[in-house]
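Visitor:
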Amino acid sequence: MRDVIRFVRRGQVVEVSDFHPRTTLLDWLRLTDRATGTKEGCAEGDCGACTIVLRRLRNGAPVVEPVNSCILFLGQADGAEILTVEDLGDPDGRPAGASGEGLHPVQRAMVDMHGSQCGFCTPGIVMSLFALHETAPGPVDRRAIDDALAGNLCRCTGYRPIADAAARACGPERAPPRPLPTFPEADPERDVFVGSDETFFAAPASEASLAALYARHPDAVLVSGATDVGLWATKALRDLPKIIWLGRVAGLDAVEDDGATLTLGATLTHARALPLLAGLDPDIGELLRRFGSVQVRASGTVGGNIANGSPIGDLAPVMIALGAEVELRRGDEVRRVPMEDFFIAYRKQDRRPSEFVRAVRVRRPGRDAAFRCFKVSKRFDEDISAVMGAFHFVLGEAGGERVIRSARIAYGGMAGIPKRAALAEAALAGAPLSSRKAWDLALDAIAGDFSPMSDQRANAAYRGHVARNLLLKALTEVAGASTDRTRIVGRRPPELEAAHGR
Amino acid sequence: MAADLQGDGLTRAEGSGRPPHPVDRGAVPRGGDGPVHVHRAYPHDSAHLHVQGAASYLDDLLEPEGTLHLAVGMSPAARGRIAAMDLAPVRAAPGVVRVVTAGDIPGRNDISPALGDETLLADTHVAFHGQAMFLVAATTRDAARRAARLGRIEIEAQEPSVTVEDAERRDERVLPDYAFGRGDVATALKAAPRMLEGRLRIGGQEHFYLEGQAALAIPGEDGAILVHSSTQHPTEVQHVVARILNVPDALVTCEVRRMGGAFGGKESQATQWAALAALAARVTGRPCKLRLDRDDDFALTGKRHDFRVDYRLGFDADGRVSAYDVDFLACCGHSADLSQGVVDRTMFHADNAYFLPAARVASRRLKTNTVSNTAFRGFGGPQGMLAIEKAMDDVARLTGRDPLDVRLANLYAPGRDETPFGMKVEETDTLRAIMEGLERSSGYRERRAQVDAFNAGGGWLRRGLALTPVKFGISFTLTHLNQAGALVHVYTDGSVQLNHGGTEMGQGLYRKVAQVVAEEFGIGLERVRITATTTDKVPNTSPTAASAGSDLNGMAAKVAASTIRARMAGIAAALWGVDEEAVRFRDGMVAAGAESMTFADLARACHQQRVHLSATGFYRTPNITWDRASATGRPFFYFAYGAACAEVLVDTLTGENRVTRVDILHDVGASLNPAIDIGQIEGGFVQGMGWLTTEELVYAPDGRLLTHAPATYKIPVSSDVPADFRVELFPNSARQDTIYRSKAVGEPPVMLANSVFCAIADALASLDPGRPVPLDAPATPEAILNAALALGGGR
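Quick note, the sequences are listed as chains A and B, same order. According to my numbering, the first sequence is numbered sequentially starting from 379. According to my numbering, the second sequence is numbered sequentially starting from 732.
1. Quick one: using the 10 Å Cβ neighbour count with 16 as the cut-off for buried, is A/E418 buried or exposed?
2. Comparing alpha-carbon positions, which option in A/V518, A/P695, A/V867 and A/R568 lies nearest A/A547?
3. Mind checking which residues open and close the alpha helix (DSSP H) that includes B/A1089?
4. I need the DSSP call for A/M491, collapsed to helix, strand or coil.
5. Inspect the CB distances between the region 1499-1518 of chain B and the region 928-948 of chain B and report whether three or more fall short of 8 Å.
6. Using a Cβ-Cβ distance under 8 Å, would B/P774 count as near chain A?
7. Taking only the alpha-carbon atoms, compute the straight-line gap between B/Q1238 and B/Q1467 and give it to the nearest angstrom.
8. Quick one: Cα of B/T742 to Cα of A/R486, how far?
9. Whole angstroms are fine: how far does the CA of A/N686 sit from the CA of A/A839?
10. List the residues of chain A whose Cβ lies closer than 9 Å to the Cβ of B/Y1085, in chain order.
11. Do B/S1066 and B/V905 have their CB atoms nearer than 8 Å?
12. Just by C-beta distance, which residues in the region 1015-1046 of chain B are closer than 9 Å to chain A?
13. Are the CB atoms of B/F1367 and B/M1154 nearer to each other than 8 Å?
14. Short of 8 Å in beta carbon distance, which residues of its chain neighbour B/A1144, apart from the five on each side in sequence? Order them along the chain.
15. Does the region 1257-1268 of chain B come close enough to the region 1222-1233 of chain B that 3 or more CB-CB pairs lie under 8 Å?
16. Whose CA, out of B/H781, B/R1013 and B/P807, lies closest to the CA of B/R686?
17. In chain B, which residues lie less than 8 Å from A/D692 when you measure between Cβ atoms?
18. Measure the CB-CB distance between B/H768 and B/A1401 and report whether it falls below 8 Å.
19. Fully enclosed by the region 949-988 of chain B, which alpha helix (DSSP H) runs are 4 residues long or longer?
20. Would you report the Cα separation of A/P743 and A/E711, rounded to the nearest angstrom?
21. Quick check for students: name the residue ranges of the beta strand (DSSP E) that lie wholly in the region 1069-1150 of chain B, counting only runs of 3 or more.
22. Mapping the DSSP letters down to three states, classify A/I449 as helix, strand or coil.
23. Could I get the ranges of all uninterrupted beta strand (DSSP E) runs contained in the region 990-1047 of chain B, with 3 residues as the minimum, in chain order?
24. Contact criterion: CB-CB distance below 8 Å. Does B/E1513 meet it with respect to chain D?
25. Since A/G791 and A/I662 should fall inside the 8 Å C-beta cutoff, what is the C-beta to C-beta distance between them, to a whole number of angstroms?
26. Look at the alpha carbon of B/V821 and the alpha carbon of B/V867, and state the distance between them as a whole number of angstroms.
27. Can you tell me where the alpha helix (DSSP H) holding A/D524 begins and where it ends?
28. Any residues in the region 1417-1440 of chain B with a beta carbon nearer than 8 Å to a beta carbon of chain A? Which ones, in chain order?
29. Under a CB-based cut-off of 8 Å, is B/V983 close to chain A?
30. Spell out whether any CB of chain A is found under 8 Å from the CB atom of B/E942.
31. Excluding five sequence neighbours on each side, which residues of the same chain lie with their C-beta closer than 7 Å to the C-beta of A/N530?
32. What in chain B is Cβ-close to A/M488, meaning under 9 Å?
33. Would you identify the three-state DSSP class for A/V386, choosing helix, strand or coil?
34. Closer than 6 Å by C-beta to B/A1093: which residues in its own chain qualify, once you throw out the five before and the five after it? Chain order, please.
35. At the 8 Å Cβ level, is B/W1004 part of the contact set with chain A, yes or no?
36. Is the CB of A/N437 under 8 Å away from at least one CB in chain B?
In structure tokens, the structure reads:
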């Protein structure tokens, strides 16, 4: 067992053991390391002013990830190199003067293109663009830049000059990537436990250790990416004396694909899950592209999104519509629950004390299936859904006509939990695909399936209208309408427009 | 760096697929004896620091040993009498050093800018949810925040007023009603061939400066105190701190190097946090720092005013307006704050760019139990303009004319050039040239045909197009604020230190004023050291607001620099036996005929000759008068103009929408710095677009603000800005004697975003042509779907 956390800072391996488990990386940087270049804008992972870059080795390969340091616990930096805005230019950490000698190309381009005004968001933007600079496979277009910046709010510039700076710094004549540091000696088999039995930050190395530790401390808080639990510390001001971080548990991020079923380990980040889930259907790829931000997707995990039980977590309706299962473990006992049964009531799930989410298992839609999902929010990028709808139709032929054999329809934002539209599904089962009469029955049934609430994201009436209209949109598309005529964002590739496109 | 930046700084729009073009269109050509440093695209003075995290904001200052951290105890109810406040659990919490209440205030418990209607800490009553009730001083910020939640507070709560209608019902207001106008509107409305009545609700807006409110107070000798504050108005901080502590103004110094954004939100409302820090510092004898958490900042600081606008408009079959009768009902929050000036400016811009032969412009300043609304870029102007743009659209729907034709028909023109408050519009040619120029350059007419053809195809998706003007009055309408001071020192090595009363919030003011001083002395910009704004260098300053920062401070600095330059020229002239007028300052040299020396050598020579190398400069805007009581005079030195054309794509099934292209043509006179001005135009436009689309403030019936963080309050992100975003400066030169004939640029571009709102309405109008579109602001997806449903669409 190891009783310190270790990370690389400015080329040196730093060992830390004297910290409260809920200490955020941002507070450590600003208050202890006195690296005040990184800013706190919101302390909830939405504005990106605190963006830093973590580099680490994953399965031996280097990864470069921008993260929101304001809601990342210090212990989560274990094994990584922490790069902040001060570190990009002069290797000795001396700020470059007005001549700009020694600036990183991203910094240089931000100065030349007038990409900063008040400058407070700038360190975060520089770090997001640095990550893009290090990871983008080729020259970036505006779409890629927008995606890279979705988690960075700027209130001054209107973004145009920042996008221009990104296009220049990440263009065809890109500087070589930054050399890797010497990481601490890997010890993947060792559990990490810092603190006492009353107050600790633990990072077990195996499922067995995790199960045992959690059984001993059922009152501990499991942390995966901390994109939600981080706010328990910064906003709810909860004590969080016992934190178990799942990021070191070997194999908990494993992916299995036997052709029929895709199994995603609980700690697989959204960033890593994105291409896999996009392979099920491009709409899921588009959904995940709009899920949080690069920073949130780099930290947040598939298991965390499900285990958290948020009524508006966007993955759950998709998974329910696809008939996914949740795999849970307590001690040595493993069980599987259909996703829709896992959610019981608002923020309450079928998860027993000391039980943790191990994986999500999702069946690949069949060749006879058509899938659509839509996210509706006030803002396209980095927003929480007012309504999210996922539609999974199994199609067939009957009497020379195309029919809907069965439908699985699930919504987020329409109830205290992600929930299926049972009446609408029933109305569509066996109905001709292009029968407006059958559609109308199903559309009307939505009102019986849900009694949505009004909140700051939308009023109940709007949610009801939109839920109905999303089903109409899904049916219209599956019946053959081109998404050029039905969508203003996230249009499908032409070969996947039709119902039997896959 | 300057030479190197010339090339790069003057091209733009890389990555947008369009050829680069100069950004300094409209700048004065250089060469010969022309200006060197002004009219030039220098980067922001701190750009190289911003990108390295080396620019220090308030929370980055190294804290003095023993600094205590503060947190605010907040009211759990929106309206009522304070029945009990048990703070024993707060005092007992770990790390707490002191709990401060209203009773600890040595002076007056009053932080209001003028009226005495706002407390630093609530004493007997609370008037909005979250109001500051007590203050915790603790050894860490975390300890202070945790302790601040432990207060046991009982309020005898009453039903709060949250909406316009609540306040109307109670008939409560923060200031008296006010109106002005021209002609007999009632008769003109009766006589008009056609009349329409309309109502528009306009939401407020949170500033969302990325750096939240913060202050650090350091106690000194004999009751003196130094306050570092993230404020647009150091002098008001000084006054309020002195008032709270009951000390003379001379004992209080307020300093600010830079703010991480402000937008009006730190004009009057930075004072409370500075005053709380000062009070705690006085009570504890230790340095005290207060930095608001983002959620608390949302709850505790005011916003752009939300309005209901009721209007009646008389017009003819061609869409020409003959009478406008408008009532602006503003939700001011619980106190007056700056609502007099804000709502006055709404009224001053009720006409926007249109001649109104008869007009009645009336306003009510309603009291609501919400945080006190305050200055926000545009200062009431945007709401006044949006209402008449909506009315112009209504006229277009009802007459079947293109909205642009209706706008052009009503535009101020020679002979039709007097505003409802009696001031002449002197640049109607500029206004028309901008509108017609943009009509051409945006391809409005061809695109109108394409949009109409697309919409004629039916379907859920609709396109919309709108081209709208902006005419914005420049000057504080509180006339005495139109003054500024500067302090310039020349050192014997020829380097220069510059100080003035303006504050830097990202708008590039420090850079622009430094350009003016470098120009005056003929030295490189790197020789001019910009120093933090502080009340002990330049006293009795006005807030950096009303877009007037460079107009006022640039002039004051020019006066100071030219005073020193004249003294130096005198020495050179005597040395060389030439006339003072023959002495030139350029490229770091001072020369006359064949004689020359470096600026530094002359500075040394002046010192040897016992010449004072320091001077103050003072400027007051000429030619403005405004008498509010009689509603007569000339409130504005001049108007700034602009126009924008926006195109949108709307999904009428969900209300989702995208801005697909924006063209802007904007008048900044002869730009002091085209790169900075374009940044203001683009940034202002996008901020205005957010106000009118995704940014929605939602209050619960009990007065709690439900959208109190970026998770729920959505300002634009990069992908909301169209890749096709074309901004041009209108070639112009100010007709008044402004600083190098430039025009103010801070606020006017916000209102260019009215084009987005009108374009969304235009898309919806295609659902039922001929009917006004019942769309309120902000045009959230929900508001858009509701309007679509009302027009028979949305399904």
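We put the beta carbon where it would ideally sit given N, CA and C, even for glycine.
Guide: In terms of the structure at hand:
1. Here the question's residue 418 of chain A lines up with position 40 in the first sequence. Buried, by the Cβ-count rule.
2. Reading the first sequence from its first residue, position 169 is the one you call residue 547 of chain A. Looking at the Cα atoms, A/V518 is the closest of the given residues.
3. Locating residue 1089 of chain B in the second sequence gives position 358, where the first residue counts as 1. For B/A1089, no alpha helix (DSSP H) run applies; the uninterrupted beta strand (DSSP E) run containing it begins and ends at A1089 to L1097, by DSSP.
4. Translated into positions along the first sequence, residue 491 of chain A becomes position 113. A/M491: coil per DSSP, three-state reduction.
5. These segments touch.
6. For the purposes of this step, residue 774 of chain B is taken as the residue at position 43 of the second sequence. B/P774 belongs to the set of residues whose beta carbon lies under 8 Å from a beta carbon in chain A.
7. Against the second sequence, residue 1238 of chain B aligns to sequence position 507. Against the second sequence, residue 1467 of chain B aligns to sequence position 736. When only Cα atoms are considered, B/Q1238 and B/Q1467 end up about 23 Å apart.
8. Stepping through the second sequence from its first residue, residue 742 of chain B is reached at position 11. Stepping through the first sequence from its first residue, residue 486 of chain A is reached at position 108. Here the model assigns B/T742 a pLDDT of 28, short of 50, so the residue's position is not dependable and the matter cannot be decided.
9. Counting from one through the first sequence, the residue named residue 839 of chain A turns up at place 461. Counting from one through the first sequence, the residue named residue 686 of chain A turns up at place 308. Distance between the alpha carbons of A/A839 and A/N686: 27 Å.
10. Within the second sequence, the letter at position 354 stands for residue 1085 of chain B. Result: empty, since nearest Cβ-Cβ is about 27 Å, beyond 9 Å.
11. Indexing the second sequence from 1 puts residue 1066 of chain B at position 335. Indexing the second sequence from 1 puts residue 905 of chain B at position 174. The answer is yes: Cβ separation under 8 Å.
12. Along the region 1015-1046 of chain B, going in chain order, the ones with a CB nearer than 9 Å to a CB of chain A are R1022, D1024, R1025 and D1026.
13. Numbered from 1 along the second sequence, position 636 holds the residue referred to as residue 1367 of chain B. Numbered from 1 along the second sequence, position 423 holds the residue referred to as residue 1154 of chain B. Result yes, Cβ atoms of B/F1367 and B/M1154 sit closer than 8 Å.
14. Locating residue 1144 of chain B in the second sequence gives position 413, counting from the first residue. Excluding residues within five positions, the ones whose Cβ falls inside 8 Å are F1086, T1159 and R1163.
15. Of all C-beta pairs linking the region 1222-1233 of chain B to the region 1257-1268 of chain B, three or more are shorter than 8 Å, placing the two stretches in contact.
16. Within the shown structure, residues of chain B are numbered from 732 to 1526, placing residue 686 of chain B beyond reach of any answer.
17. Taking the first sequence and counting its residues from 1, the one referred to as residue 692 of chain A is at position 314. Neighbours of A/D692 on chain B: none; closest Cβ ~14 Å, over 8 Å.
18. Residue numbering aside, residue 768 of chain B sits at position 37 when the second sequence is read from its first letter. Residue numbering aside, residue 1401 of chain B sits at position 670 when the second sequence is read from its first letter. At least 8 Å separates the beta-carbon of B/H768 from that of B/A1401.
19. As summarised for the region 949-988 of chain B, the continuous alpha helix (DSSP H) elements at least 4 residues long and confined to that stretch are 965-976, given in chain order.
20. Against the first sequence, residue 743 of chain A aligns to sequence position 365. Against the first sequence, residue 711 of chain A aligns to sequence position 333. Distance between the alpha carbons of A/P743 and A/E711: 29 Å.
21. The region 1069-1150 of chain B contains these whole beta strand (DSSP E) runs: 1089-1097.
22. For the purposes of this step, residue 449 of chain A is taken as the residue at position 71 of the first sequence. In the structure shown, A/I449 sits in a helix (DSSP, three-state: H, G or I).
23. Segments of the beta strand (DSSP E) lying fully in the region 990-1047 of chain B: 1019-1022 and 1037-1046.
24. Absent from the structure is chain D; the protein chains it does hold are A and B.
25. Here the question's residue 791 of chain A lines up with position 413 in the first sequence. Here the question's residue 662 of chain A lines up with position 284 in the first sequence. That belief does not hold up - the Cβ atoms of A/G791 and A/I662 are roughly 17 Å apart, past 8 Å.
26. Within the second sequence, the letter at position 90 stands for residue 821 of chain B. Within the second sequence, the letter at position 136 stands for residue 867 of chain B. Using only the alpha carbons, I get a separation of about 8 Å.
27. For the purposes of this step, residue 524 of chain A is taken as residue 146 along the first sequence, with counting starting at 1. Going by DSSP, A/D524 is part of the alpha helix (DSSP H) stretching over R520 to L527.
28. So the list reads V1417, Q1418, T1425, E1427, V1429, L1437, T1438 and A1440, given in the order they occur along the chain.
29. Taking the first residue of the second sequence as position 1, residue 983 of chain B is located at position 252. Answer no: the Cβ-Cβ gap between B/V983 and chain A never drops below 8 Å.
30. Here residue 942 of chain B corresponds to residue number 211 of the second sequence, with the count starting at 1. So yes, B/E942 belongs to the interface.
31. Walking along the first sequence from the start, residue 530 of chain A turns up at place 152. The answer, listed in chain order, is G426, T429, C499, G502, I503 and S506.
32. Looking up residue 488 of chain A in the first sequence gives position 110. The contacting residues are A778, H781 and V782.
33. Along the first sequence, one-based indexing puts residue 386 of chain A at 8. A/V386 carries a strand assignment under DSSP once its states are collapsed to helix, strand and coil.
34. Start at 1 with the first residue of the second sequence, and residue 1093 of chain B comes out as number 362. So the list reads A910 and D1058, once near-sequence residues are dropped.
35. Walking along the second sequence from the start, residue 1004 of chain B turns up at place 273. Chain A contact via Cβ: absent.
36. Position 59 of the first sequence, counted from the first residue, corresponds to residue 437 of chain A. No, because no Cβ of chain B sits closer than 8 Å to the Cβ of A/N437.
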